[in-house]
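The sequence shown finishes on residue 158 if you use our numbering, and the numbering steps up by one all the way, no holes. Here the structure is laid out as structure tokens; the discussion comes afterwards.
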Amino acid sequence: MTGNELLCEYGDVDHAREIEMEAESLERFFTNARVLSALDAEGRRRLMEAAEKLHFADGQEVVREGEPGDALYVIVDGKVSVVIDDLGNSKEVAELSDGALFGEMAVITAQPRSATVLARGELEVLRIPRQVVLRVLADYPRLKEIIAKLSVARSEQTLQKILED
-6 MTGNELLCEY GDVDHAREIE MEAESLERFF TNARVLSALD AEGRRRLMEA AEKLHFADGQ
54 EVVREGEPGD ALYVIVDGKV SVVIDDLGNS KEVAELSDGA LFGEMAVITA QPRSATVLAR
114 GELEVLRIPR QVVLRVLADY PRLKEIIAKL SVARSEQTLQ KILED
């Protein structure tokens, strides 16, 4: 939707400009996110249209270990701590920041989430529903390959962190 169309629809110049800037910002983000580099403009558009922007405060839980993997998350701005339950003790196994995604393993495998993810400071993420992600992955095998490799690397990193103690 163009700026003029937004103005006509909303009638509020400031609100329309804000929405247009938000859309442009999301488009730039999707274009520059490393893991999404395997997508063309159409693939990015599909994810962008389905994405819901969420904000979290420091320490707030984004996803919880054991919950269903109903969505993939992409960090727009901020950091998260990835924590697992290791025999009743919480153990941080990774810290992720801008452009990183999480929740991919649960989305792809349809298994419960393998970790809890907590905001570290103010956090802005995009939440993309599982069904949309699966449809896009079916059409973009290169992205599926990248995400699979990322998942394996993260699993190895998690195992290494567990064995360190």
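Built from N, CA and C at the ideal position, the CB exists for glycine as well. Computed from a prediction, not measured in an experiment: that's the story for all the values here.
- For Ile155, the CB contacts under 8 angstroms within the same chain, skipping 5 residues up- and downstream, are Ile77, Asp79, Lys84, Val86 in chain order.
- In this chain, the alpha helix (DSSP H) harbouring Ala43 covers 34 to 43.
- Going by beta carbons, Val126 and Val75 fall outside the 8 angstroms limit.
- Under the 8 angstroms Cβ criterion, the stretch 98 to 107 does not count as touching the stretch 32 to 51, having fewer than three qualifying pairs.
- Restricted to the stretch 43 to 68, not a single alpha helix (DSSP H) segment is unbroken, complete and at least 4 residues in length.
- If you draw a straight line from the Cα of Arg113 to the Cα of Tyr133, it is about 32 angstroms long.
- In this chain, Leu80 is not harboured by any beta strand (DSSP E), its DSSP state being neither H nor E.
- Collapsing the DSSP output to three states places Pro122 in a strand.
- In this structure, Gly96 and Ala146 do not form a Cβ contact; the two beta carbons are roughly 15 angstroms apart against a cut-off of 8 angstroms.
- By the beta-carbon neighbour count (other beta carbons within 10 angstroms, threshold 16), Leu152 is exposed.
- Membership of Gln150 in the alpha helix (DSSP H) is indicated by the continuous run 134 to 157.
- Per DSSP, Ala108 lies in no alpha helix (DSSP H) segment and is marked neither H nor E.
- In this structure, Ile121 sits near Ala44, with a CB-CB distance shorter than 8 angstroms.
- Here Gly59 is exposed. Its C-beta has fewer than 16 other C-beta atoms within 10 Å.
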